[in-house]
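Single-structure report; data block below.
There are 2 protein chains.
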Amino acid sequence: MPSDRRRPRSSTRERLLQAADRIWSERGVRGASLDDIARDAAVTKPTLYYYFADKSVLFTEMVCSVLEQHGGGLRTASRAASGSRERLVAAVGYLIRARCSGPRLLREGGIGLTIDQLSQTRSAFFRHLFSPLQQVLDDGVRSGELRAMDTAFAAQALLNLVDPWTGREARPGGRSADELAADIVDLVVDGIGA
Amino acid sequence: MPSDRRRPRSSTRERLLQAADRIWSERGVRGASLDDIARDAAVTKPTLYYYFADKSVLFTEMVCSVLEQHGGGLRTASRAASGSRERLVAAVGYLIRARCSGPRLLREGGIGLTIDQLSQTRSAFFRHLFSPLQQVLDDGVRSGELRAMDTAFAAQALLNLVDPWTGREARPGGRSADELAADIVDLVVDGIGA
DNA sequence: TCATCTACCTACCGGTCGGTAGACTTCAGG
DNA sequence: CCTGAAGTCTACCGACCGGTAGGTAGATGA
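Residue numbers (this note's numbering), protein chains in the order written: chain A, 1175 to 1368; chain B, 1175 to 1368.
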């Protein structure tokens, strides 16, 4: 091997975070080993340990990093649209297109996160995903486009709805991300009542 | 050990299925070992292998068995009520109370199920959970209580909504099973539009 | 009474996983 | 040219997991 060594510190670290996101999102935290992640980032496991103290740290930092990233995209997307329904479609569509599997990974827990790490990921979830979505709902209620409701419950419900459908399979009826987003928002906004 | 031996064959087998359901539902299929399940059923792992050829067979039989069981409860519950909204509340309430985590376990897949086992679990899911729920929606559309819609999509959405909240934790705002069911159905039937 | 069967056990195997020790390579600064 | 830190590697460990080999206690039936 020539001088691949001595790569800039941030690049390898970043590749490891991305690999952890991609692989764990697809196969679950327990479905893929650290070797798999290291291999995907084109390094070996000890190199992974050079950058992250242990598995739980890698997990926590990865989740926080992708939540922050998707939080930014979510805010941008929902601000770009006007009207509550359109903002919701934009937000939901972004989450699906970005394959944002944060909530699902959060629910996996159990890898032995410390209380501190757990509260870190929860806080990242609320700050970056939950709150922006709830904000859109609150705005809609205030402007009269949406009815009065428990917006926290509705926001969580929306995220729970989006989550199982972010994978590349399992898009009902072969819907595209945009169609799926529109259908989800139509369902939740209009309801199924006559 | 006195004469615990020579227990009736069906009892131990049944206890293993129940243990697998309870433990895997709580900790995920990869989060608990066969030793854990055997221990919970008060036998050893080889005894588990006496009844089930391997892990994937135990998984498949367990999923089919609990789906069948919950399917029965689901039909009974939704038939006992009248009116689409009430039938939906009854159905959703049953699934939450029964902590029916079938859909989540199904999504885990990946334990190396054969194609045959996979189609077996999918078919059980559709026959016992999905179809009864879609039936309630179809009836509602036919009677005019619900608007025309893609009932397959709506049924899947309802199951996706229920699923993340069947766990013992994570009931938003400390809702009881019945309150949660009512809130979910209100959200989906009435929508959040003004 | 004795062979056979069911139901279960202890003890182990091969493989994988998270994690570590320590050597090697590259490169910047003196 | 030397040194030392940064970055990466090979090679390994103990724990655990799925699965198996081989044996045993007790009920059953001829």
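The C-beta atom is built at its ideal place from N, Cα and C for all residues, glycine as well.
Being a predicted model, the structure only gives us computed values, none of them experimental.
The alpha helix (DSSP H) with Ile1358 (chain A) in it runs from where to where? Numbered from 1 along the first sequence, position 184 holds the residue referred to as residue 1358 (chain A). Its alpha helix (DSSP H) spans residues Ala1351 to Asp1364.
Using 8 Å as the Cβ pair cut-off and three pairs as the minimum, do the region 1339-1359 of chain A and the region 1293-1312 of chain B touch? no
Quick one, are the C-beta atoms of Ala1251 (chain B) and Ala1264 (chain B) less than 8 Å apart? Along the second sequence, read from residue 1 onward, the residue named residue 1251 (chain B) stands at position 77. Along the second sequence, read from residue 1 onward, the residue named residue 1264 (chain B) stands at position 90. Yes, they are a contact pair.
Check the C-beta distance from Val1237 (chain A) over to Leu1279 (chain A) and give it rounded, since I have them as a contact under 8 Å. Residue 1237 (chain A) sits at position 63 when you count from the first residue of the first sequence. Residue 1279 (chain A) sits at position 105 when you count from the first residue of the first sequence. Rounded, the Cβ-Cβ distance is 6 Å, consistent with contact.
Should Asp1360 (chain A) be labelled buried (16 or more other beta-carbon atoms within 10 Å of its own) or exposed? Taking the first sequence and counting its residues from 1, one reaches residue 1360 (chain A) at position 186. With 16 or more Cβ atoms within 10 Å of its Cβ, Asp1360 (chain A) is classed as buried.
is_contact[Leu1292 (chain A), chain B] using C-beta, thresh 8 Å: Residue mapping note: residue 1292 (chain A) aligns to position 118 of the first sequence, counting from 1. Not an interface residue.
Taking only three categories from DSSP, how would you classify Leu1320 (chain A)? Sequence index remark: in the first sequence, residue 1320 (chain A) carries index 146 (1-based). Strand at Leu1320 (chain A).
Would you identify the three-state DSSP class for Gly1286 (chain A), choosing helix, strand or coil? In the first sequence, residue 1286 (chain A) corresponds to position 112, counting from 1. Coil at Gly1286 (chain A), not helix or strand.
Assess contact between the region 1189-1198 of chain A and the region 1206-1215 of chain A, defined as three or more Cβ pairs (one per stretch) separated by less than 8 Å. Is contact present? yes
Going along the chain, which residues of the region 1353-1368 of chain A sit with their C-beta nearer than 8 Å to a C-beta in chain B? Cβ contacts with chain B come from Asp1357, Ile1358, Leu1361, Val1362, Val1363, Asp1364, Gly1365, Ile1366, Gly1367 and Ala1368.
Of all the residues that make up the region 1194-1221 of chain B, which are near chain A by a beta-carbon distance shorter than 8 Å? Arg1201, Gly1202, Arg1204 and Gly1205
Could you tell me whether any Cβ in chain B is nearer than 8 Å to the Cβ of Phe1304 (chain A)? As a first step, residue 1304 (chain A) is located in the first sequence; it is residue number 130 there, counting from the start. Not closer than 8 Å to any Cβ of chain B, the Cβ of Phe1304 (chain A) fails to qualify, so no.
Does the region 1309-1317 of chain A come into contact with the region 1305-1317 of chain B, if we say contact requires no fewer than three beta-carbon pairs (one atom in each stretch) closer than 8 Å? no
Going straight from the alpha carbon of Glu1242 (chain B) to that of Ser1185 (chain A), what length do you get? Residue 1242 (chain B) sits at position 68 when you count from the first residue of the second sequence. Residue 1185 (chain A) sits at position 11 when you count from the first residue of the first sequence. For Glu1242 (chain B) and Ser1185 (chain A), the distance between alpha carbons rounds to 51 Å.
For Gly1152 (chain B), which of helix, strand or coil comes out of DSSP? This structure does not reach residue 1152 (chain B), given that chain B is present from 1175 up to 1368, and the question cannot be answered.
Counting only Cβ-Cβ distances shorter than 8 Å, please list the residues of the region 1319-1341 of chain A near chain B, keeping chain order. Glu1319, Leu1320, Arg1321, Met1323, Asp1324, Ala1326, Phe1327, Ala1328, Gln1330, Ala1331, Asn1334, Leu1335, Asp1337, Pro1338 and Trp1339
Along chain B, which residues have their Cβ under 8 Å away from the Cβ of Arg1301 (chain A)? Here residue 1301 (chain A) is taken as the residue at index 127 of the first sequence, counted from 1. Neighbours of Arg1301 (chain A) on chain B: none; closest Cβ ~18 Å, over 8 Å.
State buried or exposed for Ala1329 (chain B), treating a residue as buried only when at least 16 other CB atoms are found within 10 Å of its CB. Here residue 1329 (chain B) corresponds to residue number 155 of the second sequence, with the count starting at 1. The residue is buried, with at least 16 neighbouring Cβ atoms inside 10 Å.
Length of the line joining the Cα atoms of Arg1321 (chain A) and Asp1364 (chain A): As a first step, residue 1321 (chain A) must be located in the first sequence, where it is residue number 147. As a first step, residue 1364 (chain A) must be located in the first sequence, where it is residue number 190. Distance between the alpha carbons of Arg1321 (chain A) and Asp1364 (chain A) is about 11 Å.
Arg1204 (chain B): which of B:Tyr1223, B:Gln1192, B:Ser1230 and B:Phe1226 sits nearest, CA to CA? One-based indexing of the second sequence puts residue 1204 (chain B) at position 30. Ranking the options by Cα distance to Arg1204 (chain B), first place goes to B:Ser1230.
For the alpha helix (DSSP H) containing Leu1303 (chain A), list its first residue and its last residue. For the purposes of this step, residue 1303 (chain A) is taken as residue 129 along the first sequence, with counting starting at 1. Element bounds for Leu1303 (chain A): n/a, residue is neither H nor E.
Leaving out the 5 sequence neighbours to the left and right, which residues in its chain are closer than 8 Å to Lys1152 (chain A) when beta-carbon positions are compared? Past the boundaries of the shown model lies residue 1152 (chain A); chain A is included only from 1175 to 1368, so the question cannot be answered.
Chain-ordered neighbours of Gly1347 (chain A) on chain B, where CB pairs are closer than 8 Å: Translated into positions along the first sequence, residue 1347 (chain A) becomes position 173. Neighbours of Gly1347 (chain A) on chain B, chain order: Asp1324, Ala1326 and Phe1327.
Could you tell me the alpha carbon to alpha carbon distance between Leu1333 (chain A) and Phe1304 (chain A), rounded to whole angstroms? For the purposes of this step, residue 1333 (chain A) is taken as residue 159 along the first sequence, with counting starting at 1. For the purposes of this step, residue 1304 (chain A) is taken as residue 130 along the first sequence, with counting starting at 1. When rounded, the distance between both Cα atoms is 8 Å.
C-alpha distance - Pro1277 (chain B) paired with Leu1190 (chain A), whole-angstrom precision: By one-based count along the second sequence, residue 1277 (chain B) stands at place 103. By one-based count along the first sequence, residue 1190 (chain A) stands at place 16. Their backbone Cα atoms lie some 31 Å apart in a straight line.
Run through DSSP, which three-state label would Gly1267 (chain A) get? Looking up residue 1267 (chain A) in the first sequence gives position 93. DSSP places Gly1267 (chain A) in the helix class (H, G or I) of the three-state scheme.
What does Arg1316 (chain B) touch in chain A if you count any residue whose Cβ is under 8 Å from its own? Mapped onto the second sequence, residue 1316 (chain B) falls at position 142. The contacting residues do not exist; Arg1316 (chain B) stays about 11 Å from chain A at best.
Taking 7 Å as the cut-off, is the beta-carbon of Leu1292 (chain A) closer than that to any non-hydrogen atom of the ligand GDP? In the structure on display, the ligand GDP does not appear, and there are no ligands present to speak of.
Going along chain B, which residues have a C-beta under 8 Å from Arg1249 (chain A)? Walking along the first sequence from the start, residue 1249 (chain A) turns up at place 75. Simply none; closest approach about 20 Å.
Do Ala1331 (chain A) and Gly1267 (chain A) have their beta-carbon atoms positioned less than 8 Å apart in this structure? The sequence position of residue 1267 (chain A) within the first sequence is 93, counting from 1. The sequence position of residue 1331 (chain A) within the first sequence is 157, counting from 1. Contact flag unset, no.
Measuring CA to CA, which of A:Leu1269, A:Ser1239 and A:Thr1234 is closest to Arg1249 (chain A)? Here residue 1249 (chain A) refers to the residue found at position 75 when the first sequence is read from its first residue. Across the set A:Leu1269, A:Ser1239 and A:Thr1234, the C-alpha of A:Leu1269 shows the shortest separation from the C-alpha of Arg1249 (chain A).
Using a C-beta cutoff of 8 Å, does Arg1261 (chain B) count as contacting chain A? As a first step, residue 1261 (chain B) is located in the second sequence; it is residue number 87 there, counting from the start. Closer than 8 Å: no.
Determine whether the Cβ of Arg1281 (chain A) lies closer than 8 Å to any Cβ atom of chain B. Residue mapping note: residue 1281 (chain A) aligns to position 107 of the first sequence, counting from 1. Closer than 8 Å to some Cβ of chain B, the Cβ of Arg1281 (chain A) qualifies, so yes.
Thinking C-beta only, is Ser1275 (chain A) closer than 8 Å to Thr1234 (chain A)? As a position in the first sequence, residue 1234 (chain A) is number 60, starting the count at 1. As a position in the first sequence, residue 1275 (chain A) is number 101, starting the count at 1. The answer is no: Cβ separation not under 8 Å.
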